[in-house]
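Below: one structure, written as structure tokens.
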Amino acid sequence: AQKVTQAQTEISVVEKEDVTLDCVYETRDTTYYLFWYKQPPSGELVFLIRRNSFDEQNEISGRYSWNFQKSTSSFNFTITASQVVDSAVYFCALSEVSGGGADGLTFGKGTHLIIQP
Amino acid sequence: DAGVIQSPRHEVTEMGQEVTLRCKPISGHDYLFWYRQTMMRGLELLIYFNNNVPIDDSGMPEDRFSAKMPNASFSTLKIQPSEPRDSAVYFCASSRQSNYGYTFGSGTRLTVV
Numbered sequence: 002a003q004k005v006t007q008a009q010t011e012i013s014v015v016e017k018e019d020v021t022l023d024c025v026y027e028t029r030d031t032t033y034y035l036f037w038y039k040q041p042p043s044g045e046l047v048f049l050i051r052r053n054s055f056d057e058q059n060e061i062s063g064r065y066s067w068n069f070q071k072s073t074s075s076f077n078f079t080i081t082a083s084q085v086v087d088s089a090v091y092f093c094a095l096s097e098v099s100g101g102g103a104d105g106l107t108f109g110k111g112t113h114l115i116i117q118p
Numbered sequence: 435d436a437g438v439i440q441s442p443r444h445e446v447t448e449m450g451q452e453v454t455l456r457c458k459p460i461s462g463h464d465y466l467f468w469y470r471q472t473m474m475r476g477l478e479l480l481i482y483f484n485n486n487v488p489i490d491d492s493g494m495p496e497d498r499f500s501a502k503m504p505n506a507s508f509s510t511l512k513i514q515p516s517e518p519r520d521s522a523v524y525f526c527a528s529s530r531q532s533n534y535g536y537t538f539g540s541g542t543r544l545t546v547v
């Protein structure tokens, strides 16, 4: 069965610091998808990134970057020059492919990121 | 595109009452998912549909929970009878084929007293 582990329950940094959120996953499938979602205090779940298991290229989007390493089953998320608006709970999630179609997401427990001014 | 629309946003009900949560997925999305979020258990998949057909309901906690999708633009999650431990935020999400991406609704915060 699939599993996602976010070992960091809470991280607190001062604004402008860089911060990395860890994500380790387990799956028996060779084809799968990894996601990161942001949940701000307002409660909605905001999609950040989707990565398939065949694409190990790192991705950068503004201050956000993601490091996918199949060898260590990790999909870490780094925020550079953090800002107070980045304060939120961040979820890593895994979706396996069954029968070629979409499957449900298995979420980690989330990391509560606090950016102090 | 209006996104995934859930109603109501908040629901407070008494134990034993029937509760119905509603979801309108994004037009053209073939998959619809219901999730529940609690402090203790985090985000859990309850059930999902493909082309209006339930595919996997193994996450539904008890027979008191049921879900339907009568057409491509509407789904309901019903709890009957409700219990205090059902208090949670219930999210609906929709997706196209092949794990393209999941768009979540704003959630329904259910409180059973």
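These protein sequence lines are chains F and C, in that order. Residue numbers for the first sequence follow this note's numbering, so the first one is 2 and each next one is one higher. Residue numbers for the second sequence follow this note's numbering, so the first one is 435 and each next one is one higher. We treat Cβ as the ideally placed atom computed from N, Cα and C, and that holds for glycine.
Residue i: contacting residues in chain F (beta-carbon distance under 8 Å)
i                      : result
residue 540 of chain C : 44 and 45
residue 467 of chain C : 105 and 106
Secondary structure of residue i, DSSP reduced to three states
i                      : result
residue 52 of chain F  : strand
residue 104 of chain F : coil
residue 72 of chain F  : helix
residue 443 of chain C : coil
residue 86 of chain F  : helix
residue 64 of chain F  : coil
residue 498 of chain C : coil
residue 42 of chain F  : coil
residue 504 of chain C : strand
residue 543 of chain C : strand
residue 470 of chain C : strand
Contacts of residue i in chain F (Cβ-Cβ under 7 Å)
i                      : result
residue 603 of chain C : No answer is possible for residue 603 of chain C: it lies beyond the span of chain C, which begins at 435 and ends at 547.
residue 546 of chain C : Correct list: empty, because the minimum Cβ distance to chain F is about 18 Å.
residue 487 of chain C : None at all; the shortest Cβ gap to chain F is about 11 Å.
residue 525 of chain C : 46
Counterpart residues of residue i in DSSP-defined beta bridges
i                      : result
residue 96 of chain F  : F:34
residue 487 of chain C : C:484
residue 564 of chain C : Residue coverage of chain C in this structure runs from 435 to 547, which leaves residue 564 of chain C outside it and unanswerable.
residue 77 of chain F  : F:68
residue 403 of chain C : In this structure chain C extends from 435 to 547, so residue 403 of chain C is not present and cannot be described.
Same chain, Cβ closer than 7 Å to residue i, neighbours up to 5 away in sequence not counted
i                      : result
residue 101 of chain F : Any reading at residue 101 of chain F is ruled out, since the residue's pLDDT is 48, under 50, leaving its predicted position unreliable.
residue 18 of chain F  : 83
residue 74 of chain F  : 25, 26 and 27
residue 525 of chain C : 469, 471, 538, 539 and 541
residue 522 of chain C : 470, 471, 472 and 544
residue 98 of chain F  : 30, 32, 33 and 104
Euclidean distance between Cα positions of residue i and residue j
i                      : j                      : result
residue 14 of chain F  : residue 112 of chain F : 13 Å
residue 32 of chain F  : residue 547 of chain C : 43 Å
residue 500 of chain C : residue 117 of chain F : 43 Å
residue 34 of chain F  : residue 67 of chain F  : 14 Å
residue 450 of chain C : residue 486 of chain C : 29 Å
residue 443 of chain C : residue 69 of chain F  : 36 Å
residue 6 of chain F   : residue 46 of chain F  : 18 Å
residue 493 of chain C : residue 511 of chain C : 13 Å
residue 515 of chain C : residue 452 of chain C : 5 Å
Chain-ordered chain C contacts of residue i [CB-CB under 9 Å]
i                     : result
residue 92 of chain F : 476 and 477
residue 48 of chain F : 535, 536, 537 and 538
Same chain, Cβ closer than 6 Å to residue i, neighbours up to 5 away in sequence not counted
i                      : result
residue 106 of chain F : 94 and 96
residue 483 of chain C : 466 and 503
residue 491 of chain C : 481
Chain C contact residues for residue i, given Cβ-Cβ distances below 8 Å
i                      : result
residue 110 of chain F : 476
Cβ shell of residue i (< 8 Å), same chain only, five flanking positions each side left out
i                     : result
residue 71 of chain F : 54 and 57
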